[in-house]
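From first to last, the protein sequence lines stand for chains E and V. Heads up, the first sequence is in this note's numbering, so the first residue is 1 and it goes up one at a time. Heads up, the second sequence is in this note's numbering, so the first residue is 113 and it goes up one at a time.
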Amino acid sequence: EAGVVQSPRYKIIEKKQPVAFWCNPISGHNTLYWYLQNLGQGPELLIRYENEEAVDDSQLPKDRFSAERLKGVDSTLKIQPAELGDSAVYLCASSGRMETQYFGPGTRLLVL
Amino acid sequence: AQKVTQAQTEISVVEKEDVTLDCVYETRDTTYYLFWYKQPPSGELVFLIRRNSFDEQNEISGRYSWNFQKSTSSFNFTITASQVVDSAVYFCALFDRGSTLGRLYFGRGTQLTVWP
Numbered sequence: 001e002a003g004v005v006q007s008p009r010y011k012i013i014e015k016k017q018p019v020a021f022w023c024n025p026i027s028g029h030n031t032l033y034w035y036l037q038n039l040g041q042g043p044e045l046l047i048r049y050e051n052e053e054a055v056d057d058s059q060l061p062k063d064r065f066s067a068e069r070l071k072g073v074d075s076t077l078k079i080q081p082a083e084l085g086d087s088a089v090y091l092c093a094s095s096g097r098m099e100t101q102y103f104g105p106g107t108r109l110l111v112l
Numbered sequence: 113a114q115k116v117t118q119a120q121t122e123i124s125v126v127e128k129e130d131v132t133l134d135c136v137y138e139t140r141d142t143t144y145y146l147f148w149y150k151q152p153p154s155g156e157l158v159f160l161i162r163r164n165s166f167d168e169q170n171e172i173s174g175r176y177s178w179n180f181q182k183s184t185s186s187f188n189f190t191i192t193a194s195q196v197v198d199s200a201v202y203f204c205a206l207f208d209r210g211s212t213l214g215r216l217y218f219g220r221g222t223q224l225t226v227w228p
């Protein structure tokens, strides 16, 4: 069974530029999560989807971050415009049952 | 409020030593899950174990074992006869099913280095 797929794995951009991350969850998993992981920290939830619906986005900085999961499968997380402090690893996870989440390899973002 | 504390920031051991990673959690919920994840240098979080709050039985899987003690709110992880490939950051996490819509809370992680 294929795991969670994310792309790109690495991204370097200049501040004020837009950036987008893509995630393909494990087949059949209805719940999808985006996490932010800063250096030396544990992941923190940005947004959770149940199928197409964002059911928990209270931690998403909505002034510059947006996310979508139009068909209830793939998801895209966007930052516009990026700031220096957005440099981090962005992780995507999915779960069939709510409790056990399986993570992708993450996208390492560096904002210069 | 939910909180996970991993007091050990870094641990270094020599191969074949046993090592225990500590995890202490806080929650007001009676129903919750505890997890351990491994994050090797490649960056992917690898699921290791899930433990239900109602199941305090300890578990062993090969060289890995977990000790869940509700009385002390701890869920410690022991690696027996450590190997270089065990070098990674290990995260303990708490999932509650209560009012916070089922969010997974991570500790800050413990960096384990196993030297040959």
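For each residue, glycine too, the CB sits at the ideal point set by N, CA and C.
Relative to the C-alpha of V:Ser-199, which candidate in V:Lys-115, V:Val-131, V:Ala-119 has its C-alpha closest? Comparing Cα-Cα distances from V:Ser-199 to each of V:Lys-115, V:Val-131, V:Ala-119, the minimum goes to V:Val-131.
Using a 10 Å radius around the Cβ and a threshold of 16 neighbouring Cβ atoms, would you call V:Trp-227 buried or exposed? Exposed.
Put E:Thr-60 into one of helix, strand or coil per three-state DSSP. Position check: residue 60 of chain E holds Leu in this sequence, whereas Thr was assumed. In the structure shown, the three-state DSSP call for E:Leu-60 is coil.
Beta carbons nearer than 7 Å to chain V: which residues of the region 59-84 of chain E have them? Listed by position along the chain: nothing, the set is empty.
Given that V:Ser-154 touches chain E, what residues does it touch there, using C-beta distances under 8 Å? The contacting residues are Pro-105.
Could you spell out the range, first to last residue, of the beta strand (DSSP E) harbouring V:Ser-124? 122-126 is the extent of the beta strand (DSSP E) around V:Ser-124.
Of all Cβ atoms in chain E, is any one closer than 7 Å to the Cβ of V:Phe-166? Not one chain E Cβ lies under 7 Å of V:Phe-166.
Residues of chain E with a CB under 9 Å from the CB of V:Phe-207: which are they? The answer, in chain order, is Met-98, Glu-99, Thr-100, Gln-101.
Does DSSP put V:Lys-182 in a helix, a strand or coil? Three-state DSSP puts V:Lys-182 in a helix.
State yes or no: is the beta carbon of V:Leu-133 nearer than 7 Å to at least one beta carbon in chain E? For V:Leu-133, the answer is no, since every Cβ of chain E falls outside 7 Å of its Cβ.
Start-to-end residues for the beta strand (DSSP E) that takes in E:Glu-50: Element bounds for E:Glu-50: 44-50.
Kindly indicate which three-state DSSP category V:Asp-208 falls into: helix, strand or coil? Assignment of V:Asp-208 by DSSP, reduced to helix, strand and coil, places it in the strand class.
Unbroken beta strand (DSSP E) run spanning E:Val-73, endpoints: Taken as a continuous stretch (DSSP letters only), E:Val-73 belongs to no beta strand (DSSP E), as it is neither H nor E.
Is there a Cβ of chain V sitting closer than 7 Å to that of E:Gly-42, yes or no? It does; some Cβ of chain V falls within 7 Å.
Going straight from the alpha carbon of V:Tyr-144 to that of V:Gln-169, what length do you get? V:Tyr-144 and V:Gln-169 have their C-alpha atoms roughly 15 Å apart.
Between E:Tyr-33, E:Leu-91, E:Ile-12, E:Leu-45, which lies nearest to V:Ser-154 when the distance is taken from Cα to Cα? Among E:Tyr-33, E:Leu-91, E:Ile-12, E:Leu-45, the Cα nearest to that of V:Ser-154 belongs to E:Leu-91.
Give a yes or no on whether the C-beta atoms belonging to V:Phe-180 and V:Phe-203 are separated by under 7 Å. No, the Cβ-Cβ distance between V:Phe-180 and V:Phe-203 is not below 7 Å.
Starting from the beta carbon of E:Val-89, find every residue of chain V whose beta carbon is closer than 8 Å, and list them in chain order. By Cβ distance, chain V contributes Gly-155.
With 16 as the cutoff for other CB atoms within 10 Å, does V:Thr-184 come out buried or exposed? Flag for V:Thr-184 reads exposed.
Would you mind giving the Cβ-Cβ distance between V:Phe-159 and E:Tyr-49, rounded to the nearest angstrom? I have them listed as a contact below 8 Å. Rounded to the nearest angstrom, the Cβ distance from V:Phe-159 to E:Tyr-49 is 19 Å, too far for a contact under 8 Å.
Which residues does DSSP pair with E:Val-89 in a beta bridge? E:Gln-37, E:Arg-108.
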